[in-house]
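Here's the structure, in structure tokens; my notes come after.
In the numbering used here, the protein residues as written are 4 to 502.
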């Protein structure tokens with residue numbers, strides 16, 4: 004049954020300095036949120052004279068005006084015995100994350116128990132004021148309120164997710180990686196999309212005699228799924244990672260020691276058998292992972308013996324950036340914040356990073372050493388990084404690897420952390436398998452400070468042995484896809500979480 008939002012069922016949380024693994028959201032016991040407002044820009048007509056009637060004009064196009072920052076007023080009791088939190092933050096001049104939680108039948112002071120959250124990321128106070136602070140006669144007696152006016156560029160809602168299996172009849176082997184290659188489209192190029200609909204996953208090769216090549220499992224609408232052979236891979240060659248670069252879907256394989264690419268439009272066309280091409284140019288240490296930064300020009304690839312590569316044209320191969328100089332350990336995962344800053348992790352505590360996109364080196368410290376293998380990495384900013392291990396531990400640094408802290412989550416310290424992805428600064432997803440084994444997806448609403456097991460809505464995650472990879476959508480924090488091994492230890496699984 005649909006429930007209307009009511010003012011009495013909302014509560015305010017502030018995260019000083021913004022969401023992050025080291026910043027706790029703080030419940031504001033005496034505060035309320037005013038109305039939120041955001042202008043998305045007025046539309047101006049471009050006209051031309053009518054060919055039908057004099058002194059008449061027709062609209063031939065439009066121009067959208069500038070989008071403005073969202074605004075809101077926060078109001079609070081002005082207290083005699085406590086310093087004003089709003090005044091303190093306003094005087095500091097630093098950004099703050101604001102979450103307005105709506106809930107019922109749970110503890111309103113508990114951050115993770117809401118039904119819906121309205122989020123303003125990196126908000127700033129533009130004005131602070133109070134009611135009259137004194138009385139000159141008995142009729143002037145009143146409680147004093149304070150008001151802070153805030154604005155933020157980024158706003159969104161967080162809702163509870165349900166998790167369902169998709170592509171069940173299509174997937175026949177373990178699914179090892181997944182990516183979303185999409186953008187919001189309103190029909191300008193004969194296509195509409197929410198920005199979360201073009202999804203590409205890769206499976207292991209099929210066994211048997213004769214075997215068949217690994218599959219790419221894909222959809223252009225998030226609902227109808229299809230599978231095609233990556234026929235440039237041999238029947239005994241498994242893929243490791245999938246990404247997009249320019250017009251191409253790119254798959255790297257440690258077994259083949261190369262990359263494999265096909266035109267994205269051809270993969271999307273279910274009536275066309277796309278051509279896959281293998282390219283080994285530039286590879287020395289066999290590749291294990293690849294990543295292209297949002298809006299980035301280059302695809303970065305990491306592999307065995309510490310090799311780091313990049314390319315802006317996969318048809319020409321890759322260029323070696325580091326030939327195992329920074330580390331000789333196998334590198335298992337890479338994440339690029341931009342074309343100039345990124346981090347890669349690997350076996351035996353190996354971590355390397357770049358600040359110019361070209362030269363790679365080791366940071367001052369690693370949270371682990373010999374015997375600990377890193378399986379995934381996410382770079383939130385140039386100072387805040389997450390790394391996960393095959394032993395089920397999640398570490399973070401807030402100072403560019405000068406110091407590291409273990410970040411606990413339900414079930415941490417056992418099983419394996421397989422992947423991590425952030426859709427926004429506050430909302431992220433974690434793939435973890437217990438020792439049972441059982442695959443799970445966890446979600447954070449506070450930048451990794453706390454983690455919660457999906458689904459938050461009705462039902463449970465479909466039974467599986469592990470989730471190998473997760474991908475969220477930067478256009479919708481309430482959307483996630485996880486891929487892995489089904490609970491029969493043979494078949495694959497793809498699950499989709501949505502509100």
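Note that beta-carbon positions come from the ideal geometry of N, C-alpha and C, so glycine has one too.
In this structure, residue 334 lies near residue 348, with their beta-carbon atoms less than 8 Å apart. Per the coordinates, the alpha-carbon of residue 103 lies some 16 Å from the alpha-carbon of residue 127. Rounded to the nearest whole angstrom, the C-alpha separation of residue 74 and residue 448 is 21 Å.
In the three-state scheme derived from DSSP, where H, G and I count as helix and E and B as strand, residue 406 is classed as coil. When secondary structure is reduced to three states using DSSP, residue 270 falls in the helix class.
Residue 108 is classed as exposed because its beta carbon has fewer than 16 other beta carbons within 10 Å across all chains shown. In the three-state reduction of the DSSP assignment, residue 53 falls in the coil class.
DSSP, read as helix, strand or coil, puts residue 281 in strand. Contact annotation: residue 315 and residue 301 have beta-carbon atoms nearer than 8 Å. Here residue 230 is actually not in contact with residue 214; their C-beta atoms are around 15 Å apart, not less than 8 Å. Inter-residue distance for residue 458 and residue 248 is about 32 Å (C-alpha atoms, whole angstroms). About 14 Å separates the beta carbons of residue 296 and residue 361, which is beyond the 8 Å limit, so they are not a contact pair. Excluding sequence positions up to five before and after residue 244, its CB lies within less than 6 Å of the CB of 180, 255, 292, 293, all in the same chain and listed in chain order. The C-alpha of residue 69 is placed about 44 Å away from the C-alpha of residue 392. With contacts defined by Cβ atoms closer than 8 Å, residue 261 and residue 241 do not form a contacting pair. Residue 323 and residue 267 have their C-alpha atoms roughly 25 Å apart. Beta bridge pairing from DSSP links residue 286 with no other residue. Secondary structure of residue 446 (DSSP, three-state): strand.
By the Cβ neighbour-count rule, residue 409 is exposed, with fewer than 16 other Cβ atoms within 10 Å of its own.
The region 344-407 contains, as complete beta strand (DSSP E) runs of 3+ residues, the segments 345-349, 354-357, 377-382, 388-392, 397-400 (chain order). Residue 165 and residue 500 do touch by the CB rule: their CB atoms are close to 7 Å apart, below 8 Å. Runs of the beta strand (DSSP E) lying entirely within the region 197-275, each at least 3 residues long, are 202-206, 218-222, 229-232, 244-248, 251-256, 261-266 in chain order. It is roughly 8 Å from the alpha-carbon of residue 417 to the alpha-carbon of residue 436. For residue 92, the uninterrupted alpha helix (DSSP H) run begins and ends at 88-95, by DSSP. Linking residue 7 to residue 123 through their CA atoms gives a straight-line distance of about 21 Å. Residues 18, 19, 20, 450, 452 of the same chain have their beta carbon placed closer than 7 Å to that of residue 26, with the five preceding and five following residues left out of the count.
Rounded to the nearest whole angstrom, the CA to CA distance from residue 337 to residue 381 is 8 Å.
The secondary-structure analysis by DSSP pairs residue 128 across a beta bridge with 153.
With contacts defined as CB atoms closer than 8 Å, residue 431 and residue 487 fail to qualify as a contacting pair.
Remark: C-beta atoms of residue 420 and residue 395 approach each other more closely than 8 Å. In the structure shown, the three-state DSSP call for residue 165 is strand.
Following the DSSP letters along the chain, one finds residue 502 in no beta strand (DSSP E), marked with neither H nor E. In the structure shown, residue 477 adopts coil according to DSSP, grouped into three states.
Comparing alpha carbon positions, the residue from 415, 67, 218 closest to residue 444 is 415.
Annotation: residue 67 to residue 51 spans about 18 Å, alpha carbon to alpha carbon. Using a Cβ distance threshold of 8 Å, residue 24 and residue 80 do not count as a contacting pair.
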